[in-house]
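In the numbering used here, the protein residues as written are 48 to 525. Glycine included, every Cβ here is placed at the ideal spot set by N, Cα and C. In what follows, a structure is listed as structure tokens, so that the remarks can point back to it.
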Amino acid sequence: MSVLQHAIVVFSLISFGYFVVLNAVYLVFTGIAWRGVAHHRHLHEFSGAEEAFASPLTPPVSILLPAFNEEAGIVESVRSLLAVRFPELEVIVVNDGSTDSTLRRLTEAFDLAPVRKAMRSTLSTAPIRGSYASRKHPELWVIDKENGGKADALNAGVNAARYPYFCAVDADAMLESDALLRVAKPILDDPDLVVATGGIIRIANGCHVEHGQVIDVALPRSRLATLQVVEYLRAFLVGRMGWSRMGSLLIISGAFGLFQRSLVAVAGGYSTTTVGEDVELVVRLHRYLCERGEEYRIEFVPDPVAWTEVPEDLGSLARQRRRWQRGLAEALWLHKRVALNPRYGVFGLFAVPSFFLLELVGPAIEVIGYPTVIAGAALGYLSVTFLLAFAVVAVLVGAVLSLAALALEEINFRRYQRGREAARLVAMALAENLGYRQLTTLWRVLGSIDAARRRRGWGEMRRRGLGYAPARGASRGR
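Written out as structure tokens, the structure reads:
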């Protein structure tokens, strides 16, 4: 056997083994997710959002909205937050040195007036230029500061927050009216143990939006955005539900997460050295609490919804995915000592090593594995049986997992009620593994390279804004 043949055969076997392990993990998580969602829905038959709203024990919450050049959708996002049902809350928008008309649009829409607002100095931030209160909505505050990045803006919000819990929300996201009540329910049920929770992110492209609320749920016209619908459902309902049930949730989306303010402050706040400040904070909270021997839970809740706009062009999507991967790589590298350390329990022994293998090393194995196996089969180094087996574990099982996530969504939540939309989602779940997955995997590899090269910057994102509504009767690409 020549050196080339040996290399192709060995790497093909490594690629095959990687897909077997990856799909085995997600098959297990799919089973966990089905049981977890069923258990969650059973509990909410007896106690849910209305009970939380009426309870005198529901703690007040500060909603933090960092914003940099968000003129396209900032007003609708703030309106959605002001419409949230919660016994007591405040909304703090942190304008992070925007160079567009973000602050002006907020001032015009909510009649802002300059005020002096007391702020802690627990977490260091870029200089604060001013603060504003709304004459229309006394629960709305705007902090104007010099640009320091999203993490710095969130830290400023933590300093300004009056209440014991804060909810971090992206400026391009909208919360459903009872989303905060639902995401807070695990904390209400067990306030001594639950220190953070996160909800599901759904895609607003194509939906009819009025006054910061999604009035009519519909799929995007864009095929690229619709593929992301399938991807998000699998990532949240299966991936995060699985890790949450194992007590090892590493990621609470920066678009929608609820945290104990004092714990975040004492742990050092959001890191300004990584673009993945959301994942880094959650990993650091795990590490901080484990090192002190404290019992705690960080949970994913499958039905409180934040709606967000996703990219509809390949350039913006590529920049987003490279940034996500870079943030994950930076966070895991910062906390690499946690991996395989029994001091950190399941989180250190299984979750962190799994993310290193499946999320950082795995994409490189995939990108090299596809052409290697095809070349090996073409050169006669690999049998047809191996090629078919590889196609099954690399493509077919992935499609089955996506279909299982869709079934979980349709049976338990059924947000997309039109028959044609359900059929379109099934078609996209089957097509996702034939091109789209390989493309996003390549972007993840490039993101890891960006992290290794210590590349900085956020990357420009093209947005239409969430204030638009598709014309009634217009085609949605069905």
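Requested in this report: Check whether the segment 156 to 166 touches the segment 101 to 114, taking contact to mean three or more Cβ pairs, one atom from each stretch, closer than 8 angstroms.
Outcome: no
Query raised in the report: How about A218 and S124: are their beta carbons less than 7 angstroms apart?
Result: yes
Query raised in the report: So what's A265 in DSSP terms, helix, strand or just coil?
Result: coil
**Report entry** Anticipated Cβ contact below 8 angstroms, V56 with G423, distance rounded
**Finding:** 7 angstroms
Query raised in the report: What are the start and end residues of the alpha helix (DSSP H) that includes S127?
Result: 121 to 129
Query raised in the report: Quick one: complete beta strand (DSSP E) runs, 3+ long, within the segment 211 to 284?
Result: 212 to 216, 220 to 222, 241 to 250, 255 to 257, 260 to 263
Report task. Whole angstroms is fine: what's the gap from L434's alpha carbon to S59's? Result -> 10 angstroms
Query raised in the report: By how many angstroms is the C-alpha of G286 removed from the C-alpha of R151?
Result: 40 angstroms
Query raised in the report: Tell me which same chain residues have a C-beta within less than 6 angstroms of the C-beta of L336, skipping the five on either side of it?
Result: Y343
Requested in this report: Hey, could you find the ends of the beta strand (DSSP E) A180 is sitting in?
Outcome: 175 to 181
**Report entry** Same chain, Cβ closer than 7 angstroms to N252, neighbours up to 5 away in sequence not counted
**Finding:** P267, S269, A272, E356, V357, E359
Query raised in the report: Between N459, A80, M48, which lies nearest to S291 when the distance is taken from Cα to Cα?
Result: A80
Query raised in the report: Are the Cβ atoms of M288 and G78 separated by less than 7 angstroms?
Result: no
Report task. Using the DSSP secondary-structure output, state which residues sit across from A114 in a beta bridge. Result -> N142
Query raised in the report: So what does A160 bridge to, in DSSP terms?
Result: A180
Report task. Determine the closest residue to V277 out of A476, R308, S495, with distance taken between C-alpha atoms. Result -> A476
**Report entry** Rounded straight-line distance, which links the Cα of I247 to that of G279
**Finding:** The sequence shown places Tyr at residue 279, not Gly. Roughly 9 angstroms separates the two Cα atoms.
Query raised in the report: Given 8 angstroms as the limit, is there contact between the segment 176 to 194 and the segment 139 to 147, that is, 3 or more CB pairs closer than that?
Result: yes
Query raised in the report: Which term fits W380, buried or exposed, when burial requires 16 or more other beta carbons within 10 angstroms of its beta carbon?
Result: exposed
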